[in-house]
Every structure is written in C-alpha cells, then in structure tokens.
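Here's the structure, in structure tokens; my notes come after.
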Amino acid sequence: MRKLQFSSLLLLALAATGIAYYKGISLSSLMADKDAGKATFIPINSKHKPGRLNYASVQPLLESRCASCHAGFDAPCQLQLTSYEGLQRGASKQPLYETRLHAIPPSRLFIDGKSTEDWRKQGFFAVLNEKANFPELNLNNSLMAKLLVLKRNPPLPDNGNALDPDHSDDCPTLAEFADFQHTQPFAGMPYTLPNLNPSEQETLLNWLQDGAKNSLPPVLSEPALAEIGKWEQFLNDTTPAMQLTARYLYEHLFTGHLHIKDQAANEFYRLVRAKTPPGQAIEELDNLHPFTAPAIGQFYYRLRPVTETLADKTHAVYELSDGKMARLKALFLSPATTVAQPPDYATTPYAQPFSSFKDLPVAARYQFLLDDAHYFLSTMLKSPALNSQEGANGFRDQVWIAFWQPRTELNAQTNQFLSANAPFLRLPTASGESGGFAEWFELKSLQQQYLANKATFTETVLLNNQEIDLKQLWDGGGSNDNALLTLFRHNDNASVVKGLQGKTPDTAWVIDYPLFERLYYLLVADFNLYGDSAHHLNTRLTLSLLRSEAENNFLHFLPKAVRPAVHASWYPDLGNRWLGVFSTPDFANQSESAVSYQSQDYPHELLGKLPKIVAPLPIAAANPPALPAPCPQEPCTQASVPEPIVAVPVPTPLPDPQFDGFIAQLNALKGSEITALPEVSFLRITTATPDQDPVYTLIRNRYLSHVGVMFDDGQGWQADKDTLTVLPGLVGSYPNQFFKVASEQLPDFANQLKQAQTDTAMAQFYNKYGVARNDPQFWASYDGFNQKHRDGRPENGGIFDLSRYGRR
C-alpha cells in the first residue's frame, strides 16, 4: 500500500510540474529492485534545502566514521569509503580472503575499473541510488542510507562486544535488505560501534537525499606541479642506464605514498606506469605486477595524486626531495653505469630481480634499500600478504633487526655470484596456477643449495677467509637511523619501528641484500591477493624459509659450537618431525665468530652489543628523555640493564619525562600481570591541558615456542612468558583497545592491570579505564587518537582501523 501511495503522489507531483516525459511512470521502474520497497521506507527531510552539500561536505564524516573499517584491501564487502570513486564502485559479495582453487579477476580501485559500468560488469552492486534523481528515490534506492537508518532502531546492545565483527562481511544488496534488516537488526552502520550523533547522520542522509553529489577535485599548487614535472622528467629519461634505474625504482615504490619535501603534509602521490606522457591526464596501466611487461610499447612513469583518505594500514611514506634525487643519481648513475640495452621484461610468472637488474651495481641496489629500510619493511608488513593470522604467523611477536654491511668494493664479485645463483633465488609463482606444496618443496631445495653456495662465497670473498665479527653489520653511515629496527607482530598484522625497542628478545634477524630483495618481492611485488590459495600458501611457507635465513644470519655471530643449541632453545617444538619441515637452519656451514663474549648467555650478550654498532646520531631536542633501555627477560631491573641505546635518535613523539616512572613500571610487567591486555592498546594520559596529553602504545609480546606452522593458531603460546613493550606515540594500524587514564590515577591503573587475572577483575578494570565499543565517548576517544597520530607524524599519520577493536 505504501508503495502504491508513494507512486501516485510522485506521479501527481510530476504532472503538476509539467514534466511530460515521466507520464505513466511507475515506482517499480524507479526502484532499484522490485523487493526494495519492502524494506523500511525512509522519509525525506522536508526542512533540508538542497544544493548545499557535496562530497567535500561529508568527506570528514566518511573518513572518521566509515573509513575506520571500510578502507583498503580488507574492507568488508570490498566497499571502500575512502573516496567518491569507492562509493560509486559499491560493494561485492566476492571475498578476497578465502580458500579458492583458481585466481579471481583483480578489483583494485582506480585501476581495474574506470567507470561504474565497469564495476557492475565485475559483480559490484550499488550502494547509492543509480535510478532517477528524486529525493525519495535517492534515499530509498541507497543501500548506504538503509544501513545508516537501521542503526537508529534498535540501538547497539549494552554489551557492545557481544556482536561478532566477523559478520561485517555479510553483504546484502538492496534487493536483499528487507530480509537482512529482520535477521540482523543490530547490523546497521557503523557496524558494532556507536551510532553517529543526530547531526552527523542528518548531514549524511541530506547529502544522499540530494543525490550524493561529488565535489571538484583538489587543484595542485604551482610548486607541487613544478616538483612533479622535475621527477617525471628524471624518471622518463631515455638513456638505457636511466631506463633501467627508473624500472628498478618503480618496482620498489609502486605501492608507496610519495611525499614531496616541503609541500603540503596531506599531498601524496603514487608512482604509476601510464599510457599518457607528462602534461596530459594520467591513464594508468593495469598490470597486476610491476615486473610484468606493459601492454603497450611506449609508456611513461607518472606521479598520480592520492585522492583517497589515508588509512594507516596502507600508508607508507617515501619522501622525494632534491637531496633524494641527487642520492639516486649518485647511487645508480655516477660513476656511469654501463647498460647497453635494458633487458626485456621477464616472461616467467614470478619476478627475477637478480637477473633483470644485474647491470645496476649491487651495492647501489642494496644501499637504496638500506637508506629507507624502515619504509621498505613497512610496505612488506602492510602488504595484503600478511593481513591474516595465517599470513603473519611467520614472525615472532618481537624481533630486532640489523643489516649486513654493503661492500661497494666487491660489486663485481657479488654481482657475478648473484647472477650465477639467480635460479636458486626464485620466488613462488605469482600468476597463473601455482604448484602447491610441490612447488614449495622445490623452493626449499633451491634455497638450501643457495645457502651452501652463499656460505662458500661469504667465507672466501666477503670475509676473505677471516672470522666473522660485528664490523660486518651496517652502522648507518653515522647519519642514518634505519640501521636498527624492531618488528612487532600483533597476531594477524604487524608493524615496524626504528631503534631496538622493548626487552631483549630471544631472536633477531640479520638481513643481507639477497634476503632483503626476496622479502620485498615475496610480500609486495610478487604477491597476488587475487591469486589461488596455492599461491597464498606458497607465499606464506616461503616467508618461513626467509625468516629462518634471517635468524641463521644472526646465529653466525655466535660461537660455532653453540649455534645448534641456541636454535633449539628458540624453537623447542621443532624436534617434532612435522614442525621441523618449516625450518632450514644452516648454522654448520659458516666460519667461526670473532665476537668476544664475557658470559655463556651468548645470544643475549650479542643482542646487547647491537646498539654499539651504530655511531651516535645528532639529536635535535635539548636533553630529551631516554627511551627505556633493553634488558634481559629475567629479571628486568636497573642493575641488569645494559648500556642505554644511544645509537638511534629518539623518535617523535618524545616520551613525557614526568611519566617516566609509570612507563618504567608498565614496561616491567610480564606474564600473568598482563593477562588483561590484547596485542595492541592505545593509552591516553589525561591532564589539565588536553592538547598536551601524552599517548602511548602498549604492545603485548606473546612467547611462542614455534612460529611459521600453517593453521596452528596456538603456536605453542606460553602466556606466562609474555612481555610488555610501552612506546611513546601510537604504533600499529589495528588497535584492539583504548584506555583513558587521568594522570593522578596512573598508580591505580598499573595496580589494577596486574590484578586483572580473572573475568571479574578484568571486567572491573575495563569498566574503569577501558573504552568499550558502546561507550558514548567512543568516537571522541577515536578522534582524539587519530588527531594525536597526525600531530606527532603529520606526513605519516593515517586513520586507524577498528575492525580488530575489542578483541582480546
């Protein structure tokens, strides 16, 4: 009845306005689907004056309330609400993370579809009205409007954590919405989170009522255009050496967000290959991998502006400047690099960086990676390859990382070695049908042959038959703060920070050039999110081989006789024949260590020596407070703390010295004392001056007796050996919990945390200091952490993802 009444009224209104074209129109022809009218009808806001709202009007709301989940490759239903183009594309029922026998067509926003019609052919369905532009239809043909209104009644249950976030991938079309709203009455948007306030919801609904109009794209400034022109001219130089250099740069920067120094903090670019030359509108090529041949003969490298909301989980920043360009020229073009003709693109279904770029100096390639090691590790850890528990379980929860020293004087010998061993350094098949376990066993066998060859090369060439010592580790050249890094795994995702952070871990990595390159290609350039499950499995298993290789490199600095025992202490479960398949220790193949030891706790003593390999760097801040120094696992007392890390500059933001005692107290907690904490928590200490409230990240490092075994969620977790790392600022893209603590309550917070070891005690702790999903102040807390992130790191701060919030 409602449907007929509405149709009649609409016809009368049209007739009264003299629009003859619509004579005889029926509501069924205007509704996106004949069943859509069965869903709750949304009345228009008659008080709203149309014409005042466009995408720019609602973008801040979409960014802070919708893109907090609907961003990037893991957005529910592939609905990306980070741009107008994402809204136009709509949603899909095709999950990207699933078990599948065959690859699926890629669906990268801005690349694999150029129009709404393209996306509809690929199975995406509308979330905005795509029928006639009338206010009633704009609302009632909009799936987005339906989901917003569904949130009004009923509200979120008292127990906001009771809803299963995994149901966020229920993807109803408009035709299915009538049934959906009855079976899932709490599934309105934002899903499992508090509703928008009335003003926010009214603004969004009014914009939808007006037809969800776009706004004009931002206009680049003249200085920005000049810088873009400079870089595009540099990258498109036609000399063979520059063509090969540009190809290498593109393959390593194509996923990054490039920022031009001294330009606006919110202006970023992607390096793309395009049909169109500089000066013309960019028509990006749609190759799935950066190492595959473009479909056209002549193409151009272009800097394409990033127009979507910046999400921390996909935001890795590489800075461009005059100094950077001079550095690249010095590395790759001076002295003159001889390239007779750039090699053809690989015809194999996997990357071949050691063959493709053999004419570029090895030391130059390696130094390019080292100069911005934090950036390259970030792109790896933010790759869709690791965005799952199965993907990330190749890592321990806390890993210190150092790098092998580049050897410019051995360029020729190293290049010859890598060229000869390129067949042993191959990666999993990136396109087509993968070979499954059979391919992985082949890759493992190839790696073992490479490691044997590498042992001989290292001993005879790199070490010149001398014992290995700490001089073989990169010291950062006295001015680079990328020399030492810390990797943190947070169950199904990971992050990396500069410096050696937290208590001294059990294991560490030493990365050399061949390993660095393979890690990057495996997780970034070579990984195919849309590939079959065999490809995903081989990527994950190969990651275990490379992790083991990095740990082996660390073992080589220990006395030769103790290496097997140390490795066994790291992974006691690997005595199991099945688990041992995933490990490839080669500790017997390398020469003796020349490192001097004063105790028999060799690994921890070696880890304590790592900070000393790097010369102290200039520190801009006057008398900055020191970060907590690393200490042995047991006990963590001041008497046992090694010398403070002075090698790496204190990161921004600096810790607040007035809270040093509290932070030290938290850092000392371990085992059952941190039972209540999830993987990543954000802590805000409230003071009399909110703008100066310090924020910290609490990272729980689980102790795992083995890693790298597929489908083993437990991974030998021994919770009584867990440790806590507290860092100034905000680290991690997927916070699990927010805490808000007044400065005068800090002692009680620490004490209650230690005591929260039962369900009742944990509930009391969270009720007092935690921010629940249904907390009326949830969005204020979320906005506050995002703003602190931007304030502390203007170019690097993207919004945090809430899809893991409340899980512990």
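Throughout the sequence shown, residue numbering follows the numbering used here, covering 66 to 873 in sequence. A virtual CB, placed ideally from N, CA and C, is assigned to each residue, including glycine.
For residue 502, three-class secondary structure by DSSP: Residue 502: helix per DSSP, three-state reduction.
For residue 810 and residue 870, I'd like the C-alpha separation in whole angstroms. Roughly 24 Å separates the two Cα atoms.
Examine the Cβ distances between the segment 513–533 and the segment 550–564 and report whether three or more of them are shorter than 8 Å. The segment 513–533 is not in contact with the segment 550–564.
Just the Cα atoms here: how many angstroms apart are residue 730 and residue 819? Whole-angstrom Cα-Cα distance: 11 Å.
Simplified DSSP state of residue 250, which is helix, strand or coil: Of the three classes helix, strand and coil, the one that applies to residue 250 here is coil, per DSSP.
Out of 678, 502 and 847, point me to the one whose CA is closest to residue 801's CA. Checked all of 678, 502 and 847; the closest Cα to residue 801 is 847.
Check whether the segment 290–301 and the segment 355–369 touch, using three or more Cβ-Cβ pairs below 8 Å as the test. With the cut-off at 8 Å, the segment 290–301 and the segment 355–369 touch.
Can you give the Cα-Cα distance for residue 268 and residue 254, rounded to whole angstroms? Their Cα atoms are separated by approximately 15 Å.
Residues near residue 158 in its chain [Cβ-Cβ closer than 6 Å; skip 5 each side]: Once the five neighbours on either side are set aside, the close Cβ partners of residue 158 are 236.
Using the Cβ count rule (16 or more neighbours within 10 Å means buried), how would you classify residue 466? Buried, by the Cβ-count rule.
Give me the Cα-Cα distance between residue 771 and residue 796, rounded to the nearest whole angstrom. Rounded to the nearest angstrom, the two C-alpha atoms are 25 Å apart.
So residue 367 is in the beta strand (DSSP E); what residue range does that whole segment cover? Where residue 367 is concerned, the enclosing beta strand (DSSP E) starts and stops at 365–370.
For residue 139 and residue 321, I'd like the C-alpha separation in whole angstroms. If I take the Cα positions, the gap works out to 17 Å.
Inter-residue spacing [alpha-carbon to alpha-carbon] between residue 448 and residue 471: If I take the Cα positions, the gap works out to 26 Å.
Looking at the structure shown, is residue 539 part of a helix, part of a strand, or coil, going by DSSP? Three-state result, residue 539: coil.
Between the beta-carbon of residue 485 and the beta-carbon of residue 655, is there less than 9 Å? The beta carbons of residue 485 and residue 655 sit no closer together than 9 Å.
Own chain partners of residue 260 with C-beta closer than 6 Å, once the 5 adjacent residues on each side are dropped: Excluding positions up to five away in sequence, the list reads 216.
By DSSP, does residue 857 sit in helix, in strand, or in coil? Of the three classes helix, strand and coil, the one that applies to residue 857 here is helix, per DSSP.
Residue 195 (DSSP reduced to helix, strand or coil): In this structure, DSSP gives residue 195 a state outside helix and strand, which the three-state scheme calls coil.
Alpha helix (DSSP H) containing residue 205: first to last residue? Counting along the chain, the alpha helix (DSSP H) containing residue 205 begins and ends at 200–205.
If I measure Cβ to Cβ from residue 89 and keep anything under 7 Å in the same chain, skipping five residues before and after, which residues do I get? The predicted position of residue 89 is uncertain, since its pLDDT is 40 and thus under 50; a value taken from the coordinates is nonetheless stated next. Cβ neighbours of residue 89 beyond the five flanking positions: none.
Best match in 834, 825, 460 and 523 for proximity to residue 815 [C-alpha to C-alpha]: Considering only alpha carbons, the answer is 834.
Are residue 750 and residue 791 close, meaning C-beta to C-beta below 9 Å? Against a cut-off of 9 Å, the Cβ pair of residue 791 and residue 750 comes out as no contact.
Please name the residue, chosen from 569, 547, 495 and 503, that lies closest to residue 596 on a Cα-to-Cα basis. The candidate whose alpha carbon is nearest that of residue 596 is 495.
Give me the DSSP bridge partner(s) of residue 322. In the DSSP output, where bridge partners are listed per residue, residue 322 has 382.
By alpha-carbon positions, which one of 591, 458 and 623 ends up nearest to residue 532? With distances taken between CA atoms, residue 532 lies nearest to 623 out of 591, 458 and 623.
I'd like the list of long-range same chain contacts for residue 803, defined as Cβ closer than 6 Å, with 5 residues on each side in sequence excluded. Excluding sequence positions up to five before and after residue 803, its CB lies within less than 6 Å of the CB of 747, 836 and 846, all in the same chain and listed in chain order.
Which first and last residues belong to the alpha helix (DSSP H) in which residue 603 is found? Where residue 603 is concerned, the enclosing alpha helix (DSSP H) stretches over 598–620.
Alpha-carbon to alpha-carbon, residue 572 and residue 667: When the Cα atoms are used, residue 667 and residue 572 turn out to be separated by approximately 12 Å.
Check the C-beta distance from residue 635 over to residue 538 and give it rounded, since I have them as a contact under 8 Å. At roughly 20 Å, the Cβ-Cβ gap does not stay under 8 Å, so residue 635 and residue 538 are not in contact.
CA-to-CA distance, residue 482 to residue 522, given in whole angstroms: Each residue's alpha carbon lies about 8 Å from the other.
Buried/exposed call for residue 696, threshold 16 Cβ in 10 Å: With a pLDDT of only 38 at residue 696, under 50, the local geometry of the prediction cannot be trusted, and the value read off the model is given with reservation. Result: buried.
Among residues of its own chain, excluding the 5 on either side of residue 798, which ones have a beta-carbon nearer than 8 Å to its beta-carbon? Excluding residues within five positions, the ones whose Cβ falls inside 8 Å are 376, 377, 378, 447, 558, 560, 863, 865 and 866.
For residue 846, name the three-state secondary structure that DSSP assigns. DSSP, reduced to helix, strand and coil, places residue 846 within a helical segment of the structure shown.
Can you tell me whether DSSP reads residue 214 as helix, strand or coil? Assigned with DSSP and collapsed to three states, residue 214 falls in helix.
Using DSSP with H/G/I as helix, E/B as strand and the rest coil, what is residue 760? Strand at residue 760.
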